[in-house]
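Working notes, structure below.
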Amino acid sequence: MGEAGLYFDWNATTPPHPDVIDAMVEVARSAWGNPSSVHAAGRRARAIVEDAREALAQALAVDARDVIFTSGGTEANNLALAHAGGLVTSRVEHPSVLRLAESLERAGRPVAWLPVRPDGQVDLEPLPALAQRLPSGSWLALQAANHETGVLQPIEAASALARAHGLLLHVDAVQAFGKVELPALSGAHSISVSAHKIRGPKGIGALAIRGIAPPRPILLGGGQERGLRPGTLDPVLAAGFRVAVERAARGGPERYRDLAPLRDRLERSVDGVAVVNGAGAPRLPHVSNLSFPGMRGDELVAALDLLGARVSSGSACSAGTTEPSPGIEAMAGRERARSALRISLGEGVSSIEIDSFLSLLARAVGRPLTATSCSA
-14 MGEAGLYFDW NATTPPHPDV IDAMVEVARS AWGNPSSVHA AGRRARAIVE DAREALAQAL
46 AVDARDVIFT SGGTEANNLA LAHAGGLVTS RVEHPSVLRL AESLERAGRP VAWLPVRPDG
106 QVDLEPLPAL AQRLPSGSWL ALQAANHETG VLQPIEAASA LARAHGLLLH VDAVQAFGKV
166 ELPALSGAHS ISVSAHKIRG PKGIGALAIR GIAPPRPILL GGGQERGLRP GTLDPVLAAG
226 FRVAVERAAR GGPERYRDLA PLRDRLERSV DGVAVVNGAG APRLPHVSNL SFPGMRGDEL
286 VAALDLLGAR VSSGSACSAG TTEPSPGIEA MAGRERARSA LRISLGEGVS SIEIDSFLSL
346 LARAVGRPLT ATSCSA
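If you read the sequence shown in the working numbering, its first letter stands for residue -14, the second for the next number, and so on.
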């Protein structure tokens, strides 16, 4: 199992790829200057940063000038939406969008909430009416894929509706980028991504904008990132991000698609013991969110951890809270949310590891599971 045990928590973070580590080590040794400095060491570091910016621009089909580096997906989402004059979103969004929307509400700005269907997809039917109640230039903010259930949202339909009703569209692509094809991103006005979800380093992400004025900064300081995001950017992180992006664009969806049979087999094995949250909706191929009636998800996480398996009961950004996931509660109710367990597979996971995990899961829940094969 290795030092990390059976690591089935790839939605929380991913292990840095060896090519990413190699690139970062090389830059840490040879290009560690401040990218804002005008001398040779600064210019070398700046070139590393700009190479990463160009890689992201190509992957997201935007102009390189419109890629703004941030500390991660949370900051990118906040930078995109913190100054929104009005907002439409849903209760299944990442905490960085959900809490921001609630903060805007408390500040007196108009916020409208899309209902969530039992399968975890947002219901877009009320969107035209909601848009009419918001001021001009308001935003629609949706995930491409949910961080807990893996449910894919109808971004293409949302983009068409947003365009028809005068809304700007922000897509949180943190969990989906590099894992599924995302042609619908062409209709987004802003897109957030994060390096550590695609086997890159923690501490760096980006906001890409398309066809709109740059957002107002949320931090005050120097003129880095065109004055939109002050602070010294680390060329070491940028180098790792570039390699991760290029790797994700080069076969990422295919690598994750291969995990679907293992995910499906796992879900068949818990039939009658657990309920699959998001079943029936299109989902990321590597994510399974299971509710075990009468049990506590956080207690199952602890029990599995002691047995050597690493999973979660929800978003890593909400870890340490005692409240159940608001997203799963919105789609399936409080008890389903309280008993939920998120299993997210990653590159290189084998059928043998699935067997081992199912054995540990049976011990944790105290019930036998159904034996299945990938071809069943």
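Using N, Cα and C, we set each Cβ at its ideal position, and we do this for glycine too.
All values reported here derive from a predicted model rather than from experimental measurement.
DSSP three-state call for L89: helix, strand or coil?
On the sequence shown, residue 89 is found 104 positions in, with the first residue counted as 1. Helix, per DSSP.
Grouping DSSP H, G and I as helix and E and B as strand, with all else coil, what is A287?
Here the question's residue 287 lines up with position 302 in the sequence shown. In this structure, A287 counts as helix in the three-state DSSP scheme.
Where does E78 land, buried or exposed, given buried means 16+ other C-beta within 10 angstroms?
Within the sequence shown, numbered from 1, the residue matching residue 78 stands at position 93. E78 sits buried, since 16 or more C-beta atoms from the chains shown fall within 10 Å of its C-beta.
In the DSSP assignment, the beta strand (DSSP E) including S56 goes from what residue to what residue?
Numbered from 1 along the sequence shown, position 71 holds the residue referred to as residue 56. No beta strand (DSSP E) contains S56, which DSSP labels as neither H nor E.
Report the option in R31, I6, R248 and R184 whose CA atom is closest to the CA atom of G18.
Within the sequence shown, residue 18 is the residue found at index 33, counting from 1. Of the candidates R31, I6, R248 and R184, the one whose C-alpha sits nearest the C-alpha of G18 is R31.
Can you tell which of G(-10), D(-6) and V258 has its C-alpha closest to the C-alpha of S297?
Taking the first residue of the sequence shown as position 1, residue 297 is located at position 312. The shortest C-alpha to C-alpha distance from S297 to any of G(-10), D(-6) and V258 is the one to D(-6).
What is the residue span of the beta strand (DSSP E) that A126 lies within?
As a first step, residue 126 is located in the sequence shown; it is residue number 141 there, counting from the start. Where A126 is concerned, the enclosing beta strand (DSSP E) stretches over W124 to Q128.
By DSSP's criteria, H155 is part of a beta bridge. Which residues make up the other side?
In the sequence shown, counting from the first residue as 1, residue 155 sits at position 170. DSSP, once it has assigned bridges, lists A126 and S175 as partnering H155.
If you drop the 5 nearest sequence neighbours on each side, which residues of the same chain put their C-beta closer than 7 Å to that of A49?
For the purposes of this step, residue 49 is identified with residue 64 of the sequence shown, where counting begins at 1. R38, E39 and A42, listed in sequence order.
Can at least three beta-carbon pairs, one atom from the stretch 50 to 64 and one from the stretch 105 to 114, be found at a separation below 8 Å?
No contact exists between the stretch 50 to 64 and the stretch 105 to 114.
Nearest-angstrom Cα distance between S360 and V258?
As a working note, residue 360 is residue 375 in the sequence shown. As a working note, residue 258 is residue 273 in the sequence shown. Because the pLDDT at S360 is just 47, under 50, the model does not fix this residue reliably, and the value given afterwards should be weighed accordingly. Using only the alpha carbons, I get a separation of about 21 Å.
Inter-residue CB distance, P238 and V12 (contact presumed, cutoff 8 Å)
Along the sequence shown, read from residue 1 onward, the residue named residue 238 stands at position 253. Along the sequence shown, read from residue 1 onward, the residue named residue 12 stands at position 27. Incorrect: roughly 28 Å between the Cβ atoms, too far for contact.
Which residues does DSSP pair with V221 in a beta bridge?
The residue you call residue 221 lines up with position 236 of the sequence shown. In the DSSP assignment, V221 is bridged to no other residue.
Apart from the five residues just before and just after G351, which ones in its own chain have a Cβ nearer than 8 Å to its Cβ?
The residue given as residue 351 occupies position 366 in the sequence shown. Correct list: empty, nothing qualifies.
List the endpoints of the continuous beta strand (DSSP E) containing G190.
As a position in the sequence shown, residue 190 is number 205, starting the count at 1. From DSSP, the beta strand (DSSP E) with G190 extends over G190 to I194.
Going straight from the alpha carbon of G312 to that of S273, what length do you get?
Your numbering for residue 312 matches position 327 in the sequence shown. Your numbering for residue 273 matches position 288 in the sequence shown. Their Cα atoms are separated by approximately 15 Å.
Environment of I337 [buried if 16+ CB atoms lie within 10 Å]:
Mapped onto the sequence shown, residue 337 falls at position 352. Of the residues assessed, I337 falls on the exposed side of the cut-off, its CB having fewer than 16 other CB atoms within 10 angstroms.
Could you have a look at A46 and say whether DSSP puts it in helix, strand or coil?
Within the sequence shown, the letter at position 61 stands for residue 46. Of the three classes helix, strand and coil, the one that applies to A46 here is coil, per DSSP.
Going by the beta-carbon positions, is the gap between S310 and S276 smaller than 8 Å?
Here residue 310 is taken as the residue at index 325 of the sequence shown, counted from 1. Here residue 276 is taken as the residue at index 291 of the sequence shown, counted from 1. Cβ atoms of S310 and S276: not closer than 8 Å.
In terms of DSSP beta bridges, what is S329 paired with?
Stepping through the sequence shown from its first residue, residue 329 is reached at position 344. Answer is D(-6) and V272, bridged to S329.
What residues in its chain sit with their C-beta under 6 Å from that of V228, if we drop five residues either side in the sequence?
Locating residue 228 in the sequence shown gives position 243, counting from the first residue. Sequence-distant partners of V228 (beyond 5 residues in either direction) whose C-beta falls short of 6 Å from its own C-beta, in its chain, are D4, V5 and A8.
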